[in-house]
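Numbering (our numbering), first residue to last: 96 to 266. Below: the structure, in structure tokens.
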Amino acid sequence: MSRYGITLLSGGLDSTTVTTFARSEVDHLSAITFYYGQTHSKEVECAERIAKELDVEHRLLDISFLGEIAWYSALTNPELFPLPKNRTDIGFGVPITYVPLRNTIFLSLAAALLESSILKSIESEGEDPKTISASIFMAPNAIDYSGYPDCRPEFYEKAVDTLNEGCKIAA
96 MSRYGITLLS GGLDSTTVTT FARSEVDHLS AITFYYGQTH SKEVECAERI
146 AKELDVEHRL LDISFLGEIA WYSALTNPEL FPLPKNRTDI GFGVPITYVP
196 LRNTIFLSLA AALLESSILK SIESEGEDPK TISASIFMAP NAIDYSGYPD
246 CRPEFYEKAV DTLNEGCKIA A
């Protein structure tokens, strides 16, 4: 069995922990980091260093267009919305730090990259599709779950179905 995986590595503690875990779970692991114009771009630099330290193939994708599309957020438009200083400033419900459909986009891009790697193994290198497993590793956490709709378990359950329905390797 060939186990392929991709991890969404933001450079923060949660995604670093998940990436470290993923190394022991798959044979072929890559990490992907997204730059989308976020205000905390220091994490992008950390992600590059972490991937190197963990000896994981790493890609940094510039999707800064996301800030133009998902502009109604303190993370992509701090001029419009000041960043909250603490949890009480964030309040309850969906916070102003929510970036519209960010994890949906991240998940789709990661799945496309993972599927491309697997398709190459199948179609160019003759690997038997029946001997391949694929995993996407992400690190949404309980704090994010409380306010961000795209961090909830129900979201990911439906996302798995959607991705399987729309990809070639599951067809």
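Where is the CB? At the ideal position from N, CA and C, for every residue including glycine. Since the model is a prediction, treat every value here as computed from it, not as a measurement.
- Here Thr128 is buried, its C-beta having at least 16 other C-beta atoms within 10 Å.
- The DSSP-derived three-state label of Thr111 is helix.
- For Leu103, the number of other beta carbons within 10 angstroms of its own is at least 16, and it is reported as buried.
- When C-beta atoms of the segment 174-181 are compared with those of the segment 215-226, fewer than three pairs fall below 8 Å, so the two segments do not count as touching.
- Put simply, the backbone Cα of Asp245 is about 36 Å away from that of Gly221.
- Counting along the chain, Phe129 sits inside no alpha helix (DSSP H); it lies in the beta strand (DSSP E) bounded by residues His123 to Tyr130.
- Under DSSP, Asp157 takes part in a beta bridge, and its partners are Tyr130.
- With respect to the C-alpha of Ser97, the residue from Thr199, Ile227 and Ile145 having the closest C-alpha is Ile227.
- Contact between the segment 163-171 and the segment 139-152 is not established, with fewer than three Cβ pairs separated by less than 8 Å.
- Here Val194 is near Ser168, since their CB atoms are less than 8 Å apart.
- Per DSSP, the unbroken beta strand (DSSP E) holding Gly100 starts and ends at Ser97 to Leu103.
- 8 Å or more divides the Cβ of Phe232 from the Cβ of Thr115.
- Lys225 and Pro177 have their C-alpha atoms spaced approximately 50 Å apart.
- Distances from the CA of Arg154 to each of Phe201, Val255 and Leu170 were compared; the closest alpha carbon is that of Phe201.
- Annotation: Ser230 to Asp157 spans about 23 Å, alpha carbon to alpha carbon.
- Distance between Gly242 and Asn172, taken at the CA atoms: about 19 Å.
- Spanning the alpha carbons of Arg144 and Ala126 requires a straight line of approximately 12 Å.
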